[in-house]
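For reference, the structure discussed in these notes is given below.
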Amino acid sequence: MVNIEFLKRFSADYTENLDSYKDVSTVSKKLLNHYTKCYSSHNFSYKILLPRSIESPKANDISRKLGLQLQNELLSGIRSLKMRPNIKDYRYVHDDSHFGWLLLDPALTNRFN
Numbered sequence: 000m001v002n003i004e005f006l007k008r009f010s011a012d013y014t015e016n017l018d019s020y021k022d023v024s025t026v027s028k029k030l031l032n033h034y035t036k037c038y039s040s041h042n043f044s045y046k047i048l049l050p051r052s053i054e055s056p057k058a059n060d061i062s063r064k065l066g067l068q069l070q071n072e073l074l075s076g077i078r079s080l081k082m083r084p085n086i087k088d089y090r091y092v093h094d095d096s097h098f099g100w101l102l103l104d105p106a107l108t109n110r111f112n
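Following this line, the structure appears as structure tokens:
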């Protein structure tokens, strides 16, 4: 079990707010670019913040779909470059208004112990 406070404080190379579907392709391209740069050195880390609403389950549903769309675009991009996806992800409640999604190379998980 990973400490949620540690995930919140984890210093990823980049942090992006993903608020709408129109931003998915832009964030996906940034993620893919960073992943290709870090692929051989095994030091990839990226944090995505998705909108969260305590009052509206519908808004949380949209966040889930945003995350799935981003994940789909990222994995297709990695495969189109003939690379192997090697990403560990942690999804958590970041704060009252955001879900957090931490993507990183599995080699970095030794920091969690």
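Numbering (numbering that gives the first Met the number 0), first residue to last: 0 to 112.
Ideal Cβ placement from N, Cα and C applies to all residues, glycine included.
Same chain, Cβ closer than 7 Å to residue i, neighbours up to 5 away in sequence not counted
i          : result
residue 30 : 45 and 73
residue 65 : 17, 20, 23 and 49
residue 33 : 12, 13, 43 and 45
Straight-line Cα distance separating residue j from residue i
i           : j          : result
residue 96  : residue 12 : 22 Å
residue 79  : residue 35 : 12 Å
residue 105 : residue 52 : 30 Å
residue 60  : residue 71 : 17 Å
Burial state of residue i, where buried means 16 or more other Cβ atoms lie within 10 Å
i          : result
residue 77 : buried
residue 98 : buried
residue 62 : buried
Beta-carbon proximity list for residue i, same chain, < 6 Å, skipping 5 on both sides
i          : result
residue 94 : none
residue 55 : none
When the options are compared against residue i, the one with the closest alpha-carbon
i          : options           : result
residue 67 : 56, 47, 54 and 81 : 47
Rounded Cβ spacing between residue i and residue j (contact assumed at less than 8 Å)
i         : j           : result
residue 5 : residue 103 : Actually they do not touch by this definition, with Cβ atoms about 12 Å apart.
Same chain, Cβ closer than 8 Å to residue i, neighbours up to 5 away in sequence not counted
i          : result
residue 26 : 15, 17, 47 and 69
residue 7  : 91, 93, 94 and 99
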